[in-house]
Amino acid sequence: MVEATEMRVLREERTTKFFNAVKDVVLNEQVDFRVTKLDIVSNVVSILFRLFTVLFNAYLAHEYYAKGEILFFKLTMCFILIPAFISIALSITLHYEDSKLEDNKRKKGYCSLIFFVVIFPYTLRFMQSLIYQIKCLRAQRNKDEERQRLYYKLMVMEESDVALIRIIEMFLDSCPHKIIHMTAIVNSGFNPTFAQILSLSSAFSGFAWSMAAYQRCIRLAQPDKRQLSFAGICCQCVWHFLVTFARVLSIVLLTSVFPYYSLIGVASHAFLMTLWVFLLDRSKFCSYTSVHSFAFSMIFGAVFIFTYILMKETKNTFSRYVFFYCLTGIKNLIAIIIFFMYTTISIEFAYTLSIVPILSFTCGIGAMIFYYKYLHPNILSRRDLVTEL
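Mapping of the sequence shown onto full-length UniProt numbering: position 297 corresponds to residue 297, and the numbering continues sequentially without gaps.
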């Protein structure tokens with residue numbers, strides 16, 4: 001009886017201590033407006049990845065034209081120009097929404113609209129964010145808290161604008177290019193050129209980095225929450241690199257045997273994802289009318305051909321990840337089986353090409369589970385809180 005009473009009192013003390021600690025964190029935690037060197041490096045890497053990808057794609061278009069492969073040349077040019085126009089439209093929309101904010105301290109004139117929105121909607125806006133980061137870091141070193149807070153908020157506003165553009169342009173531009181280039185490699189007897197190798201390497205690395213940087217930007221916009229660690233960013237890069245690589249390779253394998261059926265399958269997947277975004281994950285962005293909202297959903301429906309982007313935190317986040325990756329995994333497996341049954345290449349090489357996307361997808365899902373179990377900022381915060389207790 002005495003032991004039971006002591007245990008009850010001990011549990012009550014531990015419970016009281018826990019909730020007091022949580023209260024102290026909520027009430028007394030200082031909002032972190034610091035800019036780290038990792039933030040600056042992340043911006044620079046994002047700019048370089050994008051520049052290299054555009055240059056490699058342009059060079060490959062020239063290479064296809066010089067070789068007389070007009071179909072691949074036309075497809076490459078289409079997937080350079082179409083995502084660029086989509087990015088311009090999104091940039092103009094963002095610029096318009098920014099101009100409506102009463103407290104907006106960074107209203108842009110016509111010159112900045114032309115340069116930042118129309119000519120280079122991606123790279124120059126990242127350079128503007130980089131400038132704010134450097135100014136914030138300088139104010140931080142000078143212990144000027146007012147300017148530090150100002151430049152931090154400006155940086156977050158700028159990065160929030162380009163976060164969606166970065167993801168959309170990267171996947172709508174580079175993913176179709178990779179399918180085209182990898183299909184060309186398959187058709188050429190698996191004899192890739194040096195330019196194709198460089199383009200594929202930069203693109204897949206850019207996919208992974210852009211997704212990790214997107215998640216980092218979401219956390220930056222919430223300075224009262226713990227930021228992504230370097231290990232978390234690396235784990236996200238591995239996760240998205242492997243999953244995207246598996247998805248693209250599966251589509252390429254199906255395209256190599258049944259190109260038209262592959263196109264129908266990809267289009268149906270994009271339409272299904274469009275309905276999903278429009279009905280379940282509709283964003284407030286571009287939601288002036290149902291037409292605007294559906295058009296925006298179509299853009300993300302195309303992105304969801306290759307990967308899943310969490311549009312907003314909900315109680316159903318886990319179930320949505322499970323649904324998407326189960327659906328994608330099943331479709332990848334069907335594409336691989338069809339390729340293996342109808343391909344005309346040697347059986348040994350067909351085995352290798354079939355196993356690679358399966359292993360890549362499995363390892364990518366494993367990296368995602370590891371991230372959410374051990375490296376997510378919320379998990380680390382809880383672990384630190386328990387350690388303090």
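We put the beta carbon where it would ideally sit given N, CA and C, even for glycine.
No experiment lies behind these values; they were computed from the predicted model shown.
Just to confirm, is the Cβ distance from residue i to residue j under 8 angstroms?
i, j, result
"GLY364", "TRP209", "no"
"SER46", "ARG166", "yes"
"residue 392", "LEU137", "No answer is possible for residue 392: the residues shown for the chain start at 1 and end at 389."
"ILE337", "ILE168", "no"
"LEU242", "SER360", "yes"
"PHE245", "PHE296", "no"
"LEU275", "PHE339", "no"
"ILE251", "ILE179", "yes"
With a threshold of 7 angstroms on Cβ separation, who are the neighbours of residue i within its own chain once the five nearest residues in sequence on each side are excluded?
i, result
"THR387", "For THR387, the predicted structure reports a pLDDT of 47, less than 50, and the residue's modelled location is therefore unreliable. A value from the coordinates is still provided. None."
"VAL356", "LEU249"
"ASN57", "THR76, ILE80, HIS177, SER199"
"GLN133", "VAL35, ASP39, ILE40, ASN43, MET155"
"PHE126", "ASN43, SER46, ILE47, VAL162"
"GLN140", "ARG34, VAL35, GLN148"
"VAL118", "Any answer about VAL118 is weak, because its pLDDT of 49 lies below 50 and its placement is not dependable; what the coordinates show is given next. Here the set comprises ILE88."
"THR328", "ARG247"
"PRO83", "GLU169, LEU172, ASP173"
"ILE330", "none"
"THR53", "SER174, SER202, ALA203, GLY206"
"PHE194", "none"
"TYR152", "PHE33, VAL35, CYS136"
"PHE190", "none"
"ALA335", "SER250, ILE251, LEU253, LEU254"
"LYS67", "none"
In this structure, does DSSP put residue i in helix, strand or coil?
i, result
"LEU310", "coil"
"SER91", "helix"
"ILE70", "helix"
"ILE345", "coil"
"GLN215", "helix"
"HIS376", "coil"
"ASN316", "coil"
"LEU263", "helix"
"LEU200", "helix"
"PRO357", "helix"
"PRO176", "helix"
"THR36", "coil"
"THR183", "helix"
"SER250", "helix"
"PHE370", "helix"
"GLN227", "coil"
"ASN191", "coil"
"ILE305", "coil"
"ARG282", "coil"
"ASN57", "helix"
"ASN142", "coil"
"PHE323", "helix"
"PHE340", "helix"
"VAL291", "helix"
"PHE79", "helix"
"PHE258", "coil"
"MET7", "Confidence at MET7 is low in this model, with a pLDDT of 45, below 50, so its placement is unreliable and the value that follows should be read with caution. MET7 falls in the helix class under three-state DSSP."
Our contact map puts residue i next to residue j with C-beta atoms below 8 angstroms; I'd like the distance itself, whole angstroms only.
i, j, result
"THR352", "SER256", "In fact, because the Cβ distance is near 14 angstroms, the residues do not count as touching under 8 angstroms."
"LEU228", "ARG216", "5 angstroms"
"ALA270", "GLY301", "5 angstroms"
"PHE72", "ALA213", "Not a contact, Cβ separation roughly 30 angstroms."
"PHE278", "PHE294", "6 angstroms"
Tell me which same chain residues have a C-beta within less than 8 angstroms of the C-beta of residue i, skipping the five on either side of it?
i, result
"TYR371", "GLY232, CYS235, GLN236, TRP239"
"residue 439", "One cannot answer for residue 439 here, as it falls past the ends of the chain, which runs 1 to 389."
"PRO377", "ARG219, LYS225, ARG226, GLN227, LEU228, SER229, GLY232"
"GLU63", "THR193, ALA195"
"ASN332", "ALA246, ARG247, SER250, PRO357, ILE358, PHE361"
Please list, in chain order, all residues of the same chain as residue i whose beta carbon is under 6 angstroms from its beta carbon, the five residues on each side excluded.
i, result
"TYR308", "PHE324"
"MET273", "GLY301, PHE304"
"GLN128", "GLU158"
"ASP281", "MET311"
"CYS78", "none"
"MET211", "HIS240"
"PHE306", "PHE171, CYS175, THR244, ARG247"
"GLY265", "none"
Can you confirm whether residue i, when its beta carbon is compared against all beta carbons of chain B, has any partner nearer than 8 angstroms?
i, result
"TYR59", "The structure shown contains no chain B; it is built from a single protein chain."
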